[in-house]
Structure formats: C-alpha cells, structure tokens
Amino acid sequence: MIQIAPSLLSADFSRLEQETADVEAGGADLLHLDVMDGHFVPNITFGPCVVSSLRDKTKLLFDVHFMLCDPLSYVASFAKAGADMITFHYESDADVQKTIDAIKSEGLKVGMAVKPRTDAAVLAPFLPQLDMALVMTVEPGFGGQRFMPQMLPKVEYLRRWAKENRRPLWIQVDGGIDAVTAKAAAAAGADVLVAGSAVFGAQDRCQAIRAILRSAGEEA
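Structure (structure tokens):
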C-alpha cells in the first residue's frame, strides 16, 4: 500500500498548524520533516521546537529526515519533541551503528538515506535493522527540484532485497514526486512517497494526494 508523506519544507511556514491539518484531512499518512544544518546540505530549516509545537495538533506519523553532519547528537531532542521515525544519512559523519542504536533506544522507527551519488548497496549491512530505506531522487537541500529517474534502480535493489529476505522494509522516495513521477517510483518498488510542492503547492490538497495515489496505481 502506497503511503503519502507531504514534506513540510514546501508548506507556508506562517501557518504550519493549518497546513498540517489540511494535508491530514486530505489523506496524508505521514508528515515528512526535513531537518537541515547548513553544513551537510546548503540550507537550514528548523529544530525540535517546530516538531514539538505541531505534535499535539495532528495524529500523523512524524517522519523526521535528518540532513545533518552529526545526527547522533540530535536523536534524543527530536525523540522528546515527538518524532515517530528518524531517518539519517549514510553519508553523515556519525557512526552508523551507534546512530541506529540511539534511535532504537528511544523507541522510534529508524531509517537510513542515501544521496544520489551513493550506491544503495552501502546500506546492505544495516538493512536487517531498518524500518525504512530512503532513496533521494534529487540532491538534498531544497524543494521543488526535478525528479531523477536514474535513481530508480536503487529502489528496485532495495525492494528485491526486502522480498528475498522477507523483511517488511518501507522504501521511501524523496524528490520531485508528483502525479506523473509517482507511477515510476511505485513501479520500481517504493511504497512511501514524499511530495512537497506537488501537495503543499496545490490549492486542493486532497485532490493532489489522490492524483499521486492514482498515478502510483492505488485507488483514490
């Protein structure tokens, strides 16, 4: 089943409570929260205070995507703020196993992400411990970028691994997802689609989410 995770990065930051309520009412499954430090990627977004301010305003699962050089140092604060899942990058400076252990120790779901230039095979030793693997289909840091279809073999690799190992691994695609590109992402094996401007940039969020689901082959 395809799940839709609207990316808060594309929301109107002057009205985050209403924006969150709109996508929840529109059928979103998760809220994707991009946390950037200005070093790992050339952009800065928000800290745990934004997560905590929204936590009691919605029942959506908080899918927190760390684009941080040192994700390990921030696990506890975002867990306390209300994250349900934390995804960090393989390319970060932190020890991978220690970061996985820290996330799990907080009782959260754990994900790992790879940038476009990183082979998804680097995740293989860690996949048995993960709840989700994230394939970036744009260079991380800014919303509104064009989808990179050449990343889809990574999705296929991860889906094949999950099937062969009979693991319930979520495979998330983030970057350039809309009512056109969702079809290819889902066909490759993605089941969690991050959509930023395609959802928050639409006047009717329900209609936008339904269009993405139809493209991905789901009833809407």
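Numbering-wise (the numbering used here), the sequence shown opens with residue 53 and increments by one.
No residue lacks a Cβ here, since even glycine has one placed at the ideal position from N, Cα and C.
How is residue i classed by DSSP in three states: helix, strand or coil?
i, result
"S249", "helix"
"Q70", "helix"
"T139", "strand"
"L179", "helix"
"V148", "helix"
"L277", "No information on residue 277 is available, as it lies outside the stretch 53 to 272 that the chain covers here."
"P58", "strand"
"D81", "coil"
"K167", "coil"
"D86", "strand"
Should residue i be labelled buried (16 or more other beta-carbon atoms within 10 Å of its own) or exposed?
i, result
"R212", "exposed"
"K206", "buried"
"H117", "buried"
"H84", "buried"
"Q149", "exposed"
"S125", "exposed"
Run the proximity test for residue i: is its beta-carbon closer than 8 angstroms to any non-hydrogen atom belonging to the ligand MN?
i, result
"E69", "What this structure holds is no ligand at all, so the ligand MN is not there to describe."
Give the C-beta separation of residue i and residue j to the nearest angstrom, bearing in mind that I take them to be a contact with Cβ-Cβ under 8 angstroms.
i, j, result
"I223", "A242", "5 angstroms"
"L112", "A135", "That pair is no contact at about 12 angstroms."
"A268", "A234", "4 angstroms"
"I54", "A238", "6 angstroms"
Shorter than 9 angstroms from the beta carbon of residue i to some beta carbon of chain B?
i, result
"S125", "Although the question refers to chain B, the structure presented lacks it and comprises just one protein chain."
Inspect the CB distances between the segment 246 to 256 and the segment 61 to 75 and report whether three or more fall short of 8 angstroms. yes
Continuous alpha helix (DSSP H) assignments of at least 4 residues falling wholly in the segment 199 to 249: 204 to 216 and 234 to 240
With a cut-off of 8 angstroms, do at least 3 Cβ pairs link the segment 104 to 111 to the segment 138 to 153? no
At 3 residues or longer, and completely inside the segment 88 to 136: list those beta strand (DSSP E) runs for me, N to C. 113 to 119
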